[in-house]
Amino acid sequence: MKIAKLGILFDQHEAQSRWSSGQNVFENFLFEVLDHLRIPYEKVDSHEDVGLFDVLMIALSGNSSGTSQKLLNYVNSGGTVISYGGLDDLKGVLGVTASPVLEKGYAFLASFLHQTTPLRFLHSEYWETQNEDIRIIHKGYLQPTNRDAEQTLKPALQQIKCGRGSIERWSVSIPSTIVGLQQGTLPVTEDGIPAPDGTANLDEGLLKADDGFELDWELDRIMTETGMPYFPHPYADLWREALVEHLLTIVTEKGMTLPFLDYWPADINHIAMITHDSDLNVEESAELTLSTLKKEGVQSTWCMIAPGYSSSIYEQIKKDGHELALHYNALEQEQGIWSEEAFLDQLEWLQKAAATDQIVSNKNHYTRFEGWGELFSWCEKYNIQVDQSRGPSKKGNIGFLFGTCHPYFPISWADEQNRFYDVLEVGFLTQDLNHHALADTSVIQPFLDGAKRVNGVAHFLFHQFHIYHQPEVQEAIVQLIRTAKSQGFTFWTSQQINIWERERRSINLEWESDEMKAEGSVGREDIAVLIPIGVNEPVEGREGQEIVKRFGLTCRKIITKVNRLKNV
Numbered sequence: 011m012k013i014a015k016l017g018i019l020f021d022q023h024e025a026q027s028r029w030s031s032g033q034n035v036f037e038n039f040l041f042e043v044l045d046h047l048r049i050p051y052e053k054v055d056s057h058e059d060v061g062l063f064d065v066l067m068i069a070l071s072g073n074s075s076g077t078s079q080k081l082l083n084y085v086n087s088g089g090t091v092i093s094y095g096g097l098d099d100l101k102g103v104l105g106v107t108a109s110p111v112l113e114k115g116y117a118f119l120a121s122f123l124h125q126t127t128p129l130r131f132l133h134s135e136y137w138e139t140q141n142e143d144i145r146i147i148h149k150g151y152l153q154p155t156n157r158d159a160e161q162t163l164k165p166a167l168q169q170i171k172c173g174r175g176s177i178e179r180w181s182v183s184i185p186s187t188i189v190g191l192q193q194g195t196l197p198v199t200e201d202g203i204p205a206p207d208g209t210a211n212l213d214e215g216l217l218k219a220d221d222g223f224e225l226d227w228e229l230d231r232i233m234t235e236t237g238m239p240y241f242p243h244p245y246a247d248l249w250r251e252a253l254v255e256h257l258l259t260i261v262t263e264k265g266m267t268l269p270f271l272d273y274w275p276a277d278i279n280h281i282a283m284i285t286h287d288s289d290l291n292v293e294e295s296a297e298l299t300l301s302t303l304k305k306e307g308v309q310s311t312w313c314m315i316a317p318g319y320s321s322s323i324y325e326q327i328k329k330d331g332h333e334l335a336l337h338y339n340a341l342e343q344e345q346g347i348w349s350e351e352a353f354l355d356q357l358e359w360l361q362k363a364a365a366t367d368q369i370v371s372n373k374n375h376y377t378r379f380e381g382w383g384e385l386f387s388w389c390e391k392y393n394i395q396v397d398q399s400r401g402p403s404k405k406g407n408i409g410f411l412f413g414t415c416h417p418y419f420p421i422s423w424a425d426e427q428n429r430f431y432d433v434l435e436v437g438f439l440t441q442d443l444n445h446h447a448l449a450d451t452s453v454i455q456p457f458l459d460g461a462k463r464v465n466g467v468a469h470f471l472f473h474q475f476h477i478y479h480q481p482e483v484q485e486a487i488v489q490l491i492r493t494a495k496s497q498g499f500t501f502w503t504s505q506q507i508n509i510w511e512r513e514r515r516s517i518n519l520e521w522e523s524d525e526m527k528a529e530g531s532v533g534r535e536d537i538a539v540l541i542p543i544g545v546n547e548p549v550e551g552r553e554g555q556e557i558v559k560r561f562g563l564t565c566r567k568i569i570t571k572v573n574r575l576k577n578v
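Put into structure tokens, the structure is as follows:
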């Protein structure tokens with residue numbers, strides 16, 4: 011079966027122009043979406059030849075007439091262009107005009123994708139035309155946040171037929187929406203808007219990650235059966251799936267395919283993670299937590315805050331196979347300081363106190379966060395490879411607050427040319443279930459279901475202090491572990507997730523001599539490669555292959571080592 015040749019156009023000159031004027035190019039996040047799945051593609055600039063590609067995705071294009079004519083010629087000759095907003099250079103050629111911008115709303119995609127949840131977007135712009143010679147097919151629709159607004163529904167996707175090919179233009183910039191959901195749309199410089207029901211007082215005068223969240227208190231939260239409010243939808247992850255399903259559908263309709271890696275190793279169904287923050291550092295709480303975890307057969311990540319535990323506790327943590335991590339304290343009420351120097355001082359303290367230089371993870375105390383990328387740059391500089399600070403600080407904003415439960419590499423601001431930080435972000439969903447002032451265990455199943463739905467990480471935070479002082483919290487962590495294990499979850503530490511994600515990113519999938527070739531450096535025995543089945547290809551399974559559904563498409567699943575795969 012032919013592997014489609016996929017190109018991604020990124021106009022470097024246009025990017026430099028935007029960066030020089032302080033504009034972000036979050037469209038760049040398209041590369042992170044595809045790299046996470048190891049979908050093979052080739053990056054091309056606007057001056058390069060695009061005629062050899064079966065499908066051309068537009069990350070960024072400029073306003074050059076030469077580029078617009080090149081794209082039009084490519085489509086007329088049978089190519090398919092996919093764009094996420096943009097393509098302003100083609101408006102004049104096609105005789106279309108841009109509609110007024112629609113800020114924030116929900117995209118309904120079920121009419122053409124296997125996406126039943128309306129997806130929150132943060133910005134959109136569709137095209138209109140009076141030119142009867144231009145045939146535009148509308149797919150899905152957009153609904154504004156203000157549902158009382160008197161306006162007709164706008165298209166989510168517009169398919170424009172040109173010659174023998176087509177332009178598939180999303181009205182939503184999906185990569186930018188994913189960034190906005192995960193990292194916010196602005197640097198954190200002021201308090202966030204509190205929940206109207208009083209369950210999340212974000213306006214307490216303390217800067218933190220959740221001050222910059224982009225969900226709606228009224229439209230995006232629901233309640234459990236016991237009245238616990240939570241955000242149920244991993245919107246950013248679902249947008250990723252919509253983007254990938256749309257791409258793969260186009261490819262398979264052309265009678266071709268694009269392989270990709272499953273998110274986890276072949277012998278793993280689902281991943282859960284437990285982390286602890288050692289606030290107050292009570293030795294007895296550490297001992298009870300260790301014994302509880304040993305009884306349940308789970309290793310976790312211990313984020314340490316000064317002054318920490320005694321050396322014997324650290325040795326037991328390491329002996330039991332747990333991970334030691336930093337719990338950076340920038341809380342002013344505890345004499346903490348938000349600065350690179352303070353971050354380094356605390357890291358060096360932990361390395362010395364715990365007698366280890368194997369500290370690769372961090373979670374900020376109270377989810378303290380300022381600006382945009384300062385924390386990530388400190389982590390990079392001092393070899394902290396994973397951060398876990400993006401999570402809820404209040405009872406009323408737990409769940410998929412930042413739209414994701416997948417590990418991802420965050421993107422920088424325009425002043426760093428929107429590069430990717432070499433720091434893996436693994437946010438958490440909630441903390442200390444059954445704590446007298448927090449949520450109860452009724453959220454366990456919805457959170458596990460949400461993580462399973464997108465095959466991400468179900469990350470729960472439990473403080474050792476609360477496990478010790480509130481027996482109900484200890485009961486909750488045991489209930490979580492047993493429930494997750496019964497549903498096929500494997501518990502990994504932050505370090506294990508980091509190792510796997512970085513290793514899997516080294517894998518390249520290529521077609522060579524009628525074989526699928528997977529090359530890379532992976533320590534685990536087996537990986538799972540998915541091959542979407544083309545429209546006219548028989549669906550019957552072959553020896554050693556399983557037929558599965560991914561992103562709404564029928565795929566062949568091949569379990570193999572990173573070297574050479576069987577014929578497909």
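Residues in the sequence shown are numbered from 11 upward in steps of one, following the working numbering.
Virtual Cβ for every residue (Gly too), placed ideally from N, Cα, C.
Bridge partner(s) assigned by DSSP for Q153:
Y116
Residues bridged to F561 [DSSP beta-bridge criterion]
Bridge partners of F561: none, in fact.
Take the Cβ of S176 as the centre, count every other Cβ of all protein chains shown within 10 Å, and call the residue buried at 16 or more, exposed below.
buried
I need the boundaries of the alpha helix (DSSP H) containing L303, first residue and last residue.
E293 to E306
Closer than 7 Å by C-beta to Q395: which residues in its own chain qualify, once you throw out the five before and the five after it? Chain order, please.
V370, V433, L434 and N508
Considering just the uninterrupted stretch of the alpha helix (DSSP H) at G418, what are its terminal residues?
It is Tyr, not Gly, that sits at residue 418 in the sequence shown. Where Y418 is concerned, there is no enclosing alpha helix (DSSP H), given that its DSSP letter is neither H nor E.
Which class does T262 belong to by DSSP, given the choice of helix, strand or coil?
helix
Could you tell me if M233 is buried or exposed, where buried requires 16 or more neighbouring beta carbons within 10 angstroms of its beta carbon?
exposed
Note down, one range per segment and in chain order, each beta strand (DSSP E) of at least 3 residues found wholly within the segment 57 to 140.
65 to 70, 90 to 94, 106 to 108, 115 to 118, 129 to 131 and 137 to 139
Which of helix, strand or coil DSSP assigns to P481
helix
What first and last residue would you give for the alpha helix (DSSP H) that runs through G533?
Counting along the chain, G533 falls outside any alpha helix (DSSP H), and DSSP gives it neither H nor E.
Straight-line gap, W521 to K527 (C-alpha atoms, nearest Å):
6 Å
Going by DSSP in three states, R400 sits in which element: helix, strand or coil?
coil
Cross-strand partners of T500 (DSSP beta bridge)
I281
Residues bridged to H148 (per DSSP)
Q168
Are the CB atoms of A365 and Y392 within a distance shorter than 8 Å?
no
CB G346 to CB G401, shorter than 8 Å?
no
Excluding the five sequence neighbours on either side, which residues of its own chain have a C-beta within less than 7 Å of the C-beta of W227, listed in chain order?
A205 and P206
DSSP bridge partner residues for R566 (one or two, in chain order):
I541 and I557
Status (buried if at least 16 other CB within 10 Å, exposed otherwise) for D442:
buried
C-alpha distance - E390 paired with N339, whole-angstrom precision:
18 Å
Which residues in the same chain as F36 place their Cβ atom closer than 8 Å to its Cβ, once the five residues preceding and following it in sequence are excluded?
S183, P185, S186, V189, G190, I421 and N428
Are I92 and T267 closer than 8 Å when you measure CB to CB?
no
With H, G and I counted as helix, E and B as strand and the rest as coil, what does DSSP make of L248?
helix
When you compare only the Cα positions, how much space is there between W510 and V532?
8 Å
Which full runs of the beta strand (DSSP E) of 3+ residues lie inside the segment 304 to 388, going along the chain?
311 to 314 and 333 to 336
At least three beta-carbon pairs within less than 8 Å, the segment 110 to 126 to the segment 52 to 70:
no
Thinking C-beta only, is T503 closer than 8 Å to E333?
yes
Name the two residues that bound the continuous beta strand (DSSP E) containing E52.
E52 to V54
May I ask you to check if the CB of Q153 is nearer than 7 Å to at least one heavy atom of the ligand MG?
In the structure on display, the ligand MG does not appear, and there are no ligands present to speak of.
Element boundaries [beta strand (DSSP E), containing S516]:
No beta strand (DSSP E) holds S516; DSSP gives it neither H nor E.
Check this for me: beta carbons of V6 and G381, under 8 Å apart or not?
The structure shown does not extend to residue 6, since the chain spans only 11 to 578, so no value can be given for it.
If you pair each beta-carbon of the segment 475 to 494 with each one of the segment 261 to 275, do three or more pairs fall below 8 Å?
no
In three-state terms, what does DSSP make of A468?
strand
Straight-line gap, G406 to P417 (C-alpha atoms, nearest Å)
24 Å
With which residues is V436 paired in a DSSP beta bridge?
Per DSSP, none; premise fails for V436.
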